[in-house]
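I have placed the structure first, in the form of structure tokens, so that the comments after it can refer back to it.
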Amino acid sequence: MNLSQNDTLLDIKNLKMYFPVTRGLLRRKVADVKAVDDISFKVKRGETLGLVGESGCGKTTTGRCILRLYRPTAGHVYFEGLDICALPEAKIRPLRRKMSLIFQDPFGSLDPRQSAGAIVGEPLKIQHLVSSKQEYGERVEELFRMVGLDPAMVDRVPHEFSGGQRQRIGVARALACEPSLIICDEPISALDVSIQAQVINLLEELQEGLEGLTYLFIAHDLSVVRHISDRVAVMYLGRIVEITDSKVLYENPLHPYTKALLSAVPIADPFVEEKRERIILKGEVPSPLNPPAGCSFHPRCSLAIPECSQAVPPLRDIGGGHEVACIRL
Amino acid sequence: MSVLLEVRNLKTHFKTESGLVKAVDGISYHIDEQEIVGLVGESGCGKSVSQLSVMQLIPTPGEIASGEVIFEGQDLLKFKSGGAEMRSIRGAKIAMIFQEPMTSLNPVLTIGRQLTETLELHLSMDREASREQAIELLKLVGIPSAESRVEDYPHQFSGGMRQRVMIAMALSCDPRILIADEPTTALDVTTQAQLLELMKDLVDRFRASLIIVTHNLGVVARYAQRIYVMYAGRIVEEGTTKDIFAHPLHPYTIGLLKCVPRLDEEPDKKLVPIVGLPPNLVNMPPTCAFLPRCPYSSGICRQKHWPELRQIHDNHYIACYADIQEKQGESITK
């Protein structure tokens with residue numbers, strides 16, 4: 001992290017994203033899927049915030065709302081102080097220069113007919129960041145070198161690259177416009193174990209080299225998220241249940257769901273595993289169409305009391321920036 | 330404990346347009362009674378193909394080139410794939426759970442029908458008895474209101490529930506060995522933990538053995554007693570779980586352990602990736618397959634034929650020429 005660490009880059013306030021469920025010929029709305037339900041958090045410039053949770057918890061939707069790929073139902077997303085939810089569509093494009101996205105699937109996210117160089121360079125053209133062909137070529141080569149690809153490969157097409165190399169192309173494309181925020185949506189889960197570390201290290205090195213580069217790192221793999229993030233937000237059924245420093249998250253998790261999630265991740269060490277307490281959750285994640293009343297985790301929670309089903313517990317700071325949403329703490 | 334299944338020098342090759350792919354190139358392993366064994370490796374290392382070979386479920390253009398699979402005193406590879414002998418073992422005495430709970434169930438048959446089919450075929454139960462047994466099995470794997478859910482179709486089940494059905498199906502004939510091929514990879518973390526725990530409990534209860542095929546080192550650390558590490562179609566290290574995690578000796582195993590972030594270590598600790606890429610299995614060089622990525626390689630590795638497994642001590646074997654003493658000197662795990 002650099003000097004400007006107190007500078008808030010992204011401030012999300014009461015963000016909601018509901019998707020309507022329609023029925024019948026007239027597409028009458030019958031219900032809402034509350035994919036993201038009233039979440040608030042801040043991301044400082046230069047830091048990495050990890051967003052972790054199981055499938056359907058709303059972590060990808062959150063990322064897409066921040067990029068305004070979805071128009072949120074309610075709430076505010078302040079990016080560099082500007083509320084991007086209120087902006088008209090026409091004003092979004094210049095903003096996209098400053099935020100970009102790395103996708104999960106290194107196979108589906110690259111156009112198979114474009115050359116690697118054209119994929120990486122397209123944002124430069126769209127955003128008019130280069131004035132000459134020569135400058136374009138130089139910039140693309142520079143981007144290739146930044147992500148550890150040989151610039152001689154600019155004319156190759158995606159299928160000539162391995163999974164790890166393709167993900168590097170995706171990273172180079174995301175870096176092309178010198179964004180201040182990159183949303184990494186499960187960037188390594190499609191890669192082989194021995195390749196994952198290469199991409200994680202690349203992302204970390206880029207952040208060290210580029211001042212103020214901020215990541216929102218979305219993943220379901222807790223050990224990876226914890227490794228790369230400065231702070232981690234744990235989501236469950238559209239809400240954030242705990243946010244804290246990544247170190248504190250493992251040493252002192254407070255929310256019962258966070259505890260269960262941590263305990264579910266096996267550690268590659270049989271000696272540690274022998275001594276670990278295993279919390280096995282009962283049942284499955286309820287449908288976001290019909291979430292339980294009050295705290296949505298209460299039907300699976302070992303600490304639940306009748307009050308838990310009365311009201312949604314607010315996320316409250318219990319000191320040192322450790323926020324948790326549970327009335328039993 | 331006595332040996333239950335022994336695989337000797339198994340080779341499974343695929344004849345493709347670009348050449349002969351030696352997906353499994355001479356592996357030998359065994360599993361004892363009531364043992365949990367982990368088979369670890371990355372995609373394409375041959376771990377799944379080796380298991381499918383045991384079951385004789387290799388799709389064309391693959392074929393088992395050589396080897397023996399000794400189970401209950403018989404060589405399973407002598408049996409015809411579609412023959413009665415093999416069918417009486419496959420799914421009954423040796424059962425398998427696949428990675429994709431979405432695609433390994435038949436979408437047009439009810440869950441109940443898929444369970445009773447196995448029971449009627451292998452245990453010659455009648456309709457009524459098999460239906461009752463199916464409900465019992467669903468209860469066993471923790472499916473709520475099993476009596477009504479037995480009539481449901483796979484799409485009405487969640488991923489975790491489908492994998493529970495797969496477990497029920499695999500256990501329905503009281504198997505001696507359960508092979509779980511990446512059983513939880515497609516599932517969420519907490520569901521993963523539930524299912525692995527369930528599988529372990531049931532295997533204990535049925536006094537069966539379990540082979541967990543996975544790329545997740547954490548899963549084997551938690552459940553397996555012994556481990557085989559595979560790379561490019563060959564076993565490169567074998568040993569007890571504790572031995573391998575405490576003193577990994579093959580450069581690939583060491584690399585794997587260093588490149589995966591651990592929950593319990595300092596978050597800012599740098600990962601050490603394994604350089605390069607897994608090899609293309611077509612036209613493999615005669616030298617060690619890990620050589621191009623190996624930080625410990627020396628002249629001998631480049632000159633000699635790829636190394637056979639050799640014993641280091643008790644049950645610990647590695648396929649590597651490098652000097653072990655030197656490697657043990659450095660801190661490998663935490």
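Protein chains in written order, with the working numbering: chain F, 1 to 329; chain R, 330 to 663. Note that CB positions come from ideal geometry on N, CA and C, so glycine has one too.
Relative to the alpha-carbon of residue i, which residue among the options has its alpha-carbon at the smallest distance?
{"i": "F/Asp-105", "options": "F/Asn-252, F/Ala-219 and F/Thr-73", "result": "F/Ala-219"}
{"i": "R/Val-398", "options": "R/Thr-447, R/Val-336 and R/Leu-516", "result": "R/Val-336"}
{"i": "F/Leu-101", "options": "F/Pro-299, F/Arg-316, F/Thr-244 and F/Tyr-215", "result": "F/Tyr-215"}
{"i": "R/Glu-511", "options": "R/Gly-367, R/Thr-445, R/Leu-527 and R/Ala-421", "result": "R/Gly-367"}
{"i": "R/Tyr-581", "options": "R/Lys-376, R/Phe-486 and R/Glu-371", "result": "R/Glu-371"}
{"i": "R/Gln-462", "options": "R/Ala-497, R/Ala-618, R/Ala-648 and R/Asn-612", "result": "R/Ala-497"}
{"i": "R/Arg-551", "options": "R/Phe-343, R/Ile-365, R/Glu-480 and R/Leu-386", "result": "R/Ile-365"}
{"i": "F/Asp-38", "options": "F/Leu-249, F/Leu-15, F/Asp-111 and F/Gly-50", "result": "F/Leu-15"}
{"i": "F/Asp-245", "options": "F/Phe-19, F/Gly-320, F/Glu-142 and F/Arg-28", "result": "F/Gly-320"}
{"i": "R/Val-565", "options": "R/Ser-382, R/Thr-439 and R/Gln-640", "result": "R/Gln-640"}
{"i": "R/Val-353", "options": "R/Lys-344, R/Pro-636 and R/Cys-374", "result": "R/Cys-374"}
{"i": "F/Ile-279", "options": "R/Leu-333, R/Lys-351 and R/Val-518", "result": "R/Val-518"}
{"i": "R/Ser-459", "options": "R/Pro-473, R/Thr-341 and R/Leu-444", "result": "R/Leu-444"}
{"i": "R/Ser-357", "options": "R/Asn-338, R/Ser-347, R/Lys-351 and R/Glu-346", "result": "R/Asn-338"}
With DSSP as the reference, label residue i as helix, strand or coil.
{"i": "F/Lys-34", "result": "strand"}
{"i": "F/Tyr-70", "result": "coil"}
{"i": "F/Phe-19", "result": "strand"}
{"i": "F/Cys-335", "result": "Residue 335 of chain F lies beyond the residue range present for chain F, which begins at 1 and ends at 329; the question has no answer from this structure."}
{"i": "R/Glu-655", "result": "In this prediction, R/Glu-655 has a pLDDT of 48, which is less than 50 and means its spatial position is unreliable; nothing more can be read from the coordinates."}
{"i": "R/Phe-343", "result": "strand"}
{"i": "R/Val-328", "result": "Beyond the ends of chain R as shown, which are 330 and 663, falls residue 328 of chain R; an answer cannot be given."}
{"i": "R/Gly-355", "result": "strand"}
{"i": "F/Arg-226", "result": "helix"}
{"i": "R/Tyr-650", "result": "coil"}
{"i": "F/Ile-318", "result": "coil"}
{"i": "F/Ile-218", "result": "strand"}
{"i": "R/Arg-478", "result": "helix"}
{"i": "F/Leu-181", "result": "strand"}
{"i": "R/Phe-574", "result": "helix"}
{"i": "F/Leu-191", "result": "coil"}
{"i": "R/Glu-335", "result": "strand"}
{"i": "F/Ser-40", "result": "strand"}
{"i": "R/Lys-599", "result": "coil"}
Where does the unbroken alpha helix (DSSP H) through residue i begin, and where does it stop?
{"i": "R/Cys-630", "result": "628-632"}
{"i": "R/Cys-588", "result": "580-588"}
{"i": "F/Ala-172", "result": "163-175"}
{"i": "R/Gly-488", "result": "488-500"}
{"i": "R/Gly-370", "result": "That residue, R/Gly-370, is in no alpha helix (DSSP H); it is neither H nor E in DSSP."}
{"i": "R/Leu-466", "result": "456-469"}
{"i": "F/Glu-263", "result": "Reading off the sequence, residue 263 of chain F comes out as Ser, not Glu. Looking at the DSSP string, the run of the alpha helix (DSSP H) that includes F/Ser-263 is 256-264."}
{"i": "R/Arg-419", "result": "First-last for R/Arg-419: undefined, no H or E at that position."}
{"i": "R/Leu-525", "result": "518-534"}
{"i": "R/Ser-410", "result": "From DSSP, R/Ser-410 is part of no alpha helix (DSSP H); its letter is neither H nor E."}
{"i": "R/Gln-385", "result": "From DSSP, R/Gln-385 is part of no alpha helix (DSSP H); its letter is neither H nor E."}
Residue range of the beta strand (DSSP E) that residue i falls in?
{"i": "F/Ile-305", "result": "No beta strand (DSSP E) holds F/Ile-305; DSSP gives it neither H nor E."}
{"i": "R/Ser-538", "result": "538-543"}
{"i": "R/Gly-397", "result": "Residue identity differs from the one stated: residue 397 of chain R is Glu in this sequence, not Gly. Per DSSP, R/Glu-397 belongs to the beta strand (DSSP E) from 391-400."}
{"i": "R/Asp-510", "result": "506-510"}
{"i": "F/Gly-50", "result": "48-52"}
To which residues of the same chain is residue i closer than 7 Å at the C-beta, ignoring the five residues directly before and after it?
{"i": "R/Leu-585", "result": "Leu-546"}
{"i": "F/Arg-156", "result": "Ser-115 and Ala-116"}
{"i": "F/Val-265", "result": "Leu-222 and Ser-223"}
{"i": "R/Ser-626", "result": "Leu-620"}
{"i": "F/Met-17", "result": "Ala-35, Val-36, Thr-61, Cys-65, Tyr-70, Pro-72 and Thr-73"}
{"i": "F/Val-285", "result": "Glu-54, Gly-56 and Leu-237"}
{"i": "F/Val-312", "result": "Gly-294 and Cys-295"}
Excluding the 5 residues preceding and the 5 following residue i in the sequence, name in chain order all residues of the same chain whose CB lies nearer than 6 Å to its CB.
{"i": "F/Glu-323", "result": "Ile-243, Leu-315 and Asp-317"}
{"i": "F/Gly-283", "result": "Arg-300"}
{"i": "R/Ala-651", "result": "Tyr-625"}
{"i": "R/Ile-573", "result": "Ile-556"}
Beta-carbon within less than 8 Å of residue i's beta-carbon, same chain only, minus the 5 sequence neighbours each way: which residues are those?
{"i": "F/Lys-259", "result": "Pro-253 and Ile-279"}
* Touching or not, the segment 191-201 of chain F and the segment 224-234 of chain F, by the rule of three or more beta carbon pairs under 8 Å? -> yes
* To do: Take every Cβ of the segment 521-530 of chain R, pair it with every Cβ of the segment 482-498 of chain R, and state whether three or more of those distances are shorter than 8 Å.
  => yes
* Segment contact, 8 Å Cβ cut-off, at least three pairs: the segment 561-575 of chain R with the segment 173-188 of chain F -> no
* To do: Would you check if the segment 533-540 of chain R and the segment 604-624 of chain R touch, i.e. whether three or more CB-CB distances between them fall below 8 Å?
  => no
* **Segment contact, 8 Å Cβ cut-off, at least three pairs: the segment 118-138 of chain F with the segment 45-62 of chain F** => no
* Asked: Is the segment 123-131 of chain F touching the segment 82-92 of chain F, taking contact as three or more C-beta pairs under 8 Å?
  -> no
* Specify whether the segment 42-54 of chain F and the segment 232-240 of chain F touch according to this definition: at least 3 beta carbon pairs, one from each stretch, less than 8 Å apart. => yes
* Asked: Pairing CB atoms from the segment 429-438 of chain R with CB atoms from the segment 471-491 of chain R, are three or more of them under 8 Å?
  -> yes
* Three or more C-beta pairs closer than 8 Å, one from the segment 466-473 of chain R and one from the segment 348-366 of chain R: is that the case here? -> no
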